[in-house]
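Peer 1: In case it helps, the numbering used here puts the sequence shown at residues 25 to 819. I'd like to ask some things about the structure below.
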Amino acid sequence: MNFLNLLPLSYDWPLLVLSIAVVFISAYTALTISSTLFSTVGRDRVKWILHGALVMGLGIWSMHFIGMLASHVSVEVTYHTPLVILSIFPALFASGIAFAITSKPQVRKIEVAIGAIMITIGIIAMHYSGMAAMQMQANIQYDVPLVILSVFVALAASLLAMFLLFYARARSKLIGLKVVSAALIAIGVSGMHYVGMAAVQFKMDSHTHTMAGNTMGSSYIAYNVGIGMALILLIAITSIRSETKVKSLSDDYDRQFHSVIESTADGIVVTDAAGTISQWNNGAQSLFGYSKEEIQQQNVRMIFEHQTHPKHDSLDLIGKTIELIGFKKDGTRFPVELSMGTWQMANSAYYSLIIRDITERKSTEEKISNLVYLDSLTELPNRRLFNDRLESSIDQAAVNGKVLSILYLDLDQFKLINDTYGHQTGDRLLVEASTRIKSCLSKTDTLARLGGDEFIVLLLNADYTKTEAVAQKILGALNEPFLLNDETVFTTSSIGGSLFPSDGQSPEILVKNADIAMYRAKEEGRNNFQFFTSEMNELVSRKSKISMSIRKGLELGEFTVHYQPQIDITSEKIIGVEALVRWNHSLLGPISPAEFIPIAEENSMILQIGEYVLHTACQQNKSWQDAGLDPFRVAVNISAKQFSQGNIAEIVTSALYQSGLAPEFLELELTESIIQGTASAISKMQELKAMGIHLSIDDFGTGYSSLSYLKMFPIDTLKIDQHFTRNIHSNPKDAALVDTIIQMAHNLELNVIAEGVETLEQLAFLKTKKCNQAQGYFFHKPMLPEMIEELYVKA
25 MNFLNLLPLS YDWPLLVLSI AVVFISAYTA LTISSTLFST VGRDRVKWIL HGALVMGLGI
85 WSMHFIGMLA SHVSVEVTYH TPLVILSIFP ALFASGIAFA ITSKPQVRKI EVAIGAIMIT
145 IGIIAMHYSG MAAMQMQANI QYDVPLVILS VFVALAASLL AMFLLFYARA RSKLIGLKVV
205 SAALIAIGVS GMHYVGMAAV QFKMDSHTHT MAGNTMGSSY IAYNVGIGMA LILLIAITSI
265 RSETKVKSLS DDYDRQFHSV IESTADGIVV TDAAGTISQW NNGAQSLFGY SKEEIQQQNV
325 RMIFEHQTHP KHDSLDLIGK TIELIGFKKD GTRFPVELSM GTWQMANSAY YSLIIRDITE
385 RKSTEEKISN LVYLDSLTEL PNRRLFNDRL ESSIDQAAVN GKVLSILYLD LDQFKLINDT
445 YGHQTGDRLL VEASTRIKSC LSKTDTLARL GGDEFIVLLL NADYTKTEAV AQKILGALNE
505 PFLLNDETVF TTSSIGGSLF PSDGQSPEIL VKNADIAMYR AKEEGRNNFQ FFTSEMNELV
565 SRKSKISMSI RKGLELGEFT VHYQPQIDIT SEKIIGVEAL VRWNHSLLGP ISPAEFIPIA
625 EENSMILQIG EYVLHTACQQ NKSWQDAGLD PFRVAVNISA KQFSQGNIAE IVTSALYQSG
685 LAPEFLELEL TESIIQGTAS AISKMQELKA MGIHLSIDDF GTGYSSLSYL KMFPIDTLKI
745 DQHFTRNIHS NPKDAALVDT IIQMAHNLEL NVIAEGVETL EQLAFLKTKK CNQAQGYFFH
805 KPMLPEMIEE LYVKA
């Protein structure tokens, strides 16, 4: 090589420094754009990729031509315009590839390598196409080793740029890091350029020809580079201002966001797609007991029970509210309500969890449910819940071909216990009774309280044998004494049972039939168990008809009063009559008092019947007196409900006043059960006695009166119950009791009358024992008023 023909190459150091500064500014701006690009998606991402490619590409291109302007040779240099313009595109292409790759959320190593190679090709193409655009009176020759070195420098610079663009994108707040990264990129790019320039040799050649076409001089290139630099600066300023504005807005939004989430009592948690917790507010700390330092970077599953934690990959939960079990730091479990939302970022999906403690709400719901479905006293299921369970159990039994049974029970004499010991003791008895009944049942059975002292039991898979065994077990449990408030209380139970499907196939029928059977158990003497039978249904139907017909029967005059004479045993003359009510039903015919009186007691129609008999008897007795019959007393039975009324004296006074009958010709018959053990009963009797009315105790010997009360009663007569009179000759004990009652009455200076005398032998026994009076079929049956009048006329 002839070194004399080589043109010397010198550098303008200010321009050289400027070239490095230009690439530094463009690199710094590109790094800033990379940070913004990382948090964008869709069209915004494409816009910022183009933005970054323009900044980086123009920066590299501007640096190249400023570097060429900084290189001086001793001949005039012009540039081929098309090649100059064409050289811009490899730089833009290379920069676009770099930004497209580094904008991805996850970048693989192979992508970095391919990207670096493509950028290297772009930079080399830009550099050497720019060199080819130079026109001068010299040939350009290249030192191959240095050219190869420039390629490796370009590749190193490309790899460095790719890495720094990727690394710095999520660290936009570290300005120092961006400055250092921009400086490294500037050194790499400018290093490639000046190594490439060092590989160029300019050789004088008088035969060198310029390219045809447009050319531009160095000054024109300078203008173009200046324009490029201005664009870079403009874009740099725009991007920096944009970043500053975005950062300011982001900081404002962050402050607002943190202010909102920290001011709420609800727990607010933010996680990534894997469930790793990144945000944790004070509300969440209060709920779960974990501080931010303890919980951040932990999986959200640790605050929910394993079986109930939310699954982030389930889109069905987004926008919905679900209930889960929360798990506190101390191991406590509590119910929570969870609302979940999601949003997509450039690098990952994120989830927001709003968590609310619903312990109080659940407690309130449970209390409301208990009020609706549980009995407030015993906490047993009430009628509504029992009916729900019974209905579903019947459906299952029908499908599976199974049987089930119902036990309907109530406590005998519970009202008496309530009245004697008070309602508080009565309530404690109900609670204790429910506990005892429950102890007789299996876990699959249902015990419910229907109200008052009524309970009902659902027995699954229970046939007649099992049902009766359970019923007998309950009877035995309730027969044991109850110790309540230092008082020993005794009670028994009456139980009725019905079976599905034989006794009914609907809840209503099964319960009704068990209720019917329970009332039969009461009629059979209480403290026993009865299965439902079809005959019971017929009896209940008749009982229902009778109950509903009493009022109408009174209005239609179907009731009448008959009178049975009372005979003086010594003279065998009539000394009085007992008024006895009779009912001749328009459809059912004559109905026995033994049948309709208990029904009237139940539905309280006995009050109207009692007043009707009292007024009728007083009026009839007065009519007999007005007809000329010798005056005698008429005895009227007073029911327990009548006597318990506070105005019994007023009712009697009204009957006497309206009829005009003198009080001494009226006798009121009271049973032992309505007067025993009560001071108010004695007071009422004294009031009636003061009116001049004759008082007697009916059915004496069948009750439980204390003899000490008997001596305090202001009574005139004891009536021996017909049960004892009928068995005088067949049962020595009954005979002894009748004898004892007569002697006691005489000793207490009381009149005594025997009911139910039907034979001469009975009358002879009573005469022997000096009984005062008697009545019964031996003498006369109950008669209509006109027959009594005829009987007196004959006498």
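The beta carbon of each residue, even a glycine, is placed where N, CA and C say it ideally should be. Note that the structure is a prediction, hence the values are computed from the model and not measured.
By Cβ distance below 7 angstroms, which residues in the same chain neighbour Asn645 in space, the five residues on each side in sequence not counted?
Peer 2: For this step, residue 645 is matched to residue 621 along the sequence shown. Val658, Leu685 and Phe689, listed in sequence order.
Peer 1: For the alpha helix (DSSP H) containing Asn775, name the first residue and the last one.
Peer 2: Within the sequence shown, numbered from 1, the residue matching residue 775 stands at position 751. Run containing Asn775: none in the alpha helix (DSSP H); it sits in the beta strand (DSSP E), Asn775 to Ala778.
Peer 1: With C-beta atoms as the reference, is Gly154 less than 9 angstroms away from Val108?
Peer 2: Along the sequence shown, read from residue 1 onward, the residue named residue 154 stands at position 130. Along the sequence shown, read from residue 1 onward, the residue named residue 108 stands at position 84. Closer than 9 angstroms, so yes.
Peer 1: By DSSP, does Leu409 sit in helix, in strand, or in coil?
Peer 2: Taking the first residue of the sequence shown as position 1, residue 409 is located at position 385. Note: Leu409 maps to helix in three-state DSSP.
Peer 1: Would Ile812 pass as a contact of Val605 if the rule is Cβ separation under 9 angstroms?
Peer 2: Position 788 of the sequence shown, counted from the start, is the residue given in the question as residue 812. Position 581 of the sequence shown, counted from the start, is the residue given in the question as residue 605. Cβ distance not < 9 angstroms, so Ile812 and Val605 don't count as in contact.
Peer 1: Distance, Cα to Cα, Ser616 vs Ile623?
Peer 2: Translated into the one-based positions of the sequence shown, residue 616 becomes position 592. Translated into the one-based positions of the sequence shown, residue 623 becomes position 599. Ser616 and Ile623: Cα-Cα distance of roughly 11 angstroms.
Peer 1: Terminal residues of the continuous alpha helix (DSSP H) containing Ala373?
Peer 2: Position 349 of the sequence shown, counted from the first residue, corresponds to residue 373. First-last for Ala373: Ala373 to Asp381, but that is the beta strand (DSSP E), not the alpha helix (DSSP H).
Peer 1: Which runs of the beta strand (DSSP E) fall wholly inside the segment 730 to 817 and span at least 3 residues, in chain order?
Peer 2: The segment 730 to 817 contains these whole beta strand (DSSP E) runs: 741 to 744 and 775 to 778.
Peer 1: Which residue or residues does DSSP assign as beta-bridge partners of Gly521?
Peer 2: The count along the sequence shown starts at 1 and reaches residue 521 at position 497. BP columns for Gly521 point to Leu431 and Phe555.
Peer 1: Could you give the residue range of the beta strand (DSSP E) that holds Ala472?
Peer 2: Position 448 of the sequence shown, counted from the start, is the residue given in the question as residue 472. Run containing Ala472: Thr470 to Gly475, per the beta strand (DSSP E) assignment.
Peer 1: By how many angstroms is the C-alpha of Thr402 removed from the C-alpha of Gly291?
Peer 2: The residue you call residue 291 lines up with position 267 of the sequence shown. The residue you call residue 402 lines up with position 378 of the sequence shown. For Gly291 and Thr402, the distance between alpha carbons rounds to 39 angstroms.
Peer 1: With 16 other CB atoms within 10 Å as the buried threshold, where does Met736 fall?
Peer 2: Taking the sequence shown and counting its residues from 1, one reaches residue 736 at position 712. When all chains shown are included, Met736 counts as exposed.
Peer 1: Let me check one thing: in DSSP terms, what residues is Trp607 bridge-paired to?
Peer 2: In the sequence shown, the residue the question calls residue 607 occupies position 583. DSSP lists Phe583 and Ile615 as partners of Trp607.
Peer 1: For Ile143, which option in Ala118, Glu286 and Asn551 has the closest C-alpha, if you only look at C-alpha atoms?
Peer 2: As a position in the sequence shown, residue 143 is number 119, starting the count at 1. Closest option to Ile143, Cα to Cα, is Ala118.
Peer 1: Alpha helix (DSSP H) containing Arg325: first to last residue?
Peer 2: As a position in the sequence shown, residue 325 is number 301, starting the count at 1. Here Arg325 belongs to no alpha helix (DSSP H), and DSSP marks it neither H nor E.
Peer 1: Just grab the DSSP bridge partners of Ser720 for me.
Peer 2: Residue numbering aside, residue 720 sits at position 696 when the sequence shown is read from its first letter. Bridge partners of Ser720: Glu693 and Thr741.
Peer 1: Under the rule that 16 or more other beta-carbon atoms within 10 Å means buried, what is His233, buried or exposed?
Peer 2: Locating residue 233 in the sequence shown gives position 209, where the first residue counts as 1. Caution applies to His233, whose pLDDT of 46 falls short of 50 and renders its modelled position unreliable; the value that the coordinates give is listed next. His233 should be labelled exposed.
Peer 1: Using alpha carbons as the reference points, say which of Phe555, Glu548, Asn551 and Glu547 lies closest to Asn537.
Peer 2: The residue labelled residue 537 in the question sits at position 513 within the sequence shown. Asn537 has its Cα closest to that of Phe555, out of Phe555, Glu548, Asn551 and Glu547.
Peer 1: Are the segment 501 to 518 and the segment 467 to 475 in contact at 8 angstroms, needing three or more beta carbon pairs?
Peer 2: Because the criterion of three Cβ pairs below 8 angstroms is not met, the segment 501 to 518 and the segment 467 to 475 do not touch.
Peer 1: Go through its chain and collect everything with a Cβ distance to Ser315's Cβ below 7 angstroms, but skip five positions before and after it.
Peer 2: Translated into positions along the sequence shown, residue 315 becomes position 291. Here the set comprises Gln309.
Peer 1: Count Cβ pairs between the segment 569 to 589 and the segment 632 to 649 that sit closer than 8 angstroms; are there 3 or more?
Peer 2: These segments touch.
Peer 1: Can you round the beta-carbon distance between Gln797 and Ile593 to whole angstroms, since I take them to be within the 8 angstroms contact cut?
Peer 2: Here residue 797 refers to the residue found at position 773 when the sequence shown is read from its first residue. Here residue 593 refers to the residue found at position 569 when the sequence shown is read from its first residue. Rounded, the Cβ-Cβ distance is 6 angstroms, consistent with contact.
Peer 1: For Gly446, collect the residues of the same chain with a Cβ closer than 7 angstroms to its Cβ; drop the 5 residues on either side in sequence, then sort them by chain order.
Peer 2: For this step, residue 446 is matched to residue 422 along the sequence shown. None.
Peer 1: Taking Glu693 and Lys743 to be in contact with their CB atoms under 8 angstroms, please state how far apart those CB atoms are, rounded to whole angstroms.
Peer 2: One-based indexing of the sequence shown puts residue 693 at position 669. One-based indexing of the sequence shown puts residue 743 at position 719. About 7 angstroms separates the two Cβ atoms, so the contact holds.
Peer 1: Report the three-state DSSP secondary structure of Asn821 (helix, strand or coil).
Peer 2: This structure does not reach residue 821, given that the chain is present from 25 up to 819, and the question cannot be answered.
Peer 1: Can you say whether Asn755 is buried or exposed, counting buried as having 16 or more other CB atoms within 10 angstroms of its CB?
Peer 2: Translated into the one-based positions of the sequence shown, residue 755 becomes position 731. Flag for Asn755 reads exposed.
Peer 1: Going by the CB atoms, is the gap between Glu782 and Phe802 shorter than 9 angstroms?
Peer 2: Position 778 of the sequence shown, counted from the start, is the residue given in the question as residue 802. Position 758 of the sequence shown, counted from the start, is the residue given in the question as residue 782. Contact: yes.
Peer 1: Using only the alpha-carbon positions, how far apart do Ile820 and Val219 sit?
Peer 2: The structure shown does not extend to residue 820, since the chain is modelled only from 25 to 819, so the question has no answer here.
Peer 1: Can you tell me the Cα-Cα spacing of Thr332 and Ala421, whole angstroms?
Peer 2: Numbered from its first residue, the sequence shown carries residue 332 at position 308. Numbered from its first residue, the sequence shown carries residue 421 at position 397. Reliability fails at Thr332, whose pLDDT of 48 lies under 50, so the model's placement of it is uncertain and no value is given.
Peer 1: Scan the segment 639 to 698 and note each continuous beta strand (DSSP E) run of 3 residues or more that stays entirely inside, going in chain order.
Peer 2: Counting whole runs of 3 or more residues, the segment 639 to 698 contains the beta strand (DSSP E) stretches 657 to 661 and 690 to 695.
Peer 1: Does the structure place the segment 211 to 218 close enough to the segment 168 to 187 that three or more beta carbon pairs sit under 8 angstroms?
Peer 2: Cβ pair count under 8 angstroms is three or more, so yes.
Peer 1: Count the other C-beta atoms from every protein chain shown that fall within 10 angstroms of the C-beta of Ala37, then say buried if there are 16 or more, exposed otherwise.
Peer 2: In the sequence shown, counting from the first residue as 1, residue 37 sits at position 13. Note that residue 37 is Trp in the sequence shown here, rather than Ala. Burial call: exposed.
Peer 1: From Gly299 to Val324, what does the alpha carbon distance come to, in whole angstroms?
Peer 2: For the purposes of this step, residue 299 is taken as residue 275 along the sequence shown, with counting starting at 1. For the purposes of this step, residue 324 is taken as residue 300 along the sequence shown, with counting starting at 1. Looking at the two C-alpha atoms, the distance is approximately 5 angstroms.
Peer 1: Please report the distance separating the alpha-carbon of Tyr374 from that of Trp304.
Peer 2: Counting from one through the sequence shown, the residue named residue 374 turns up at place 350. Counting from one through the sequence shown, the residue named residue 304 turns up at place 280. Taking the straight line from one Cα to the other gives about 14 angstroms.
Peer 1: Buried or exposed for His88, please, with buried defined as at least 16 other CB atoms from any protein chain shown within 10 angstroms of its CB.
Peer 2: Your numbering for residue 88 matches position 64 in the sequence shown. His88 is buried by the Cβ-count criterion.
Peer 1: Could you check what DSSP says for Val219 in three-state terms: helix, strand or coil?
Peer 2: Numbered from 1 along the sequence shown, position 195 holds the residue referred to as residue 219. Helix.
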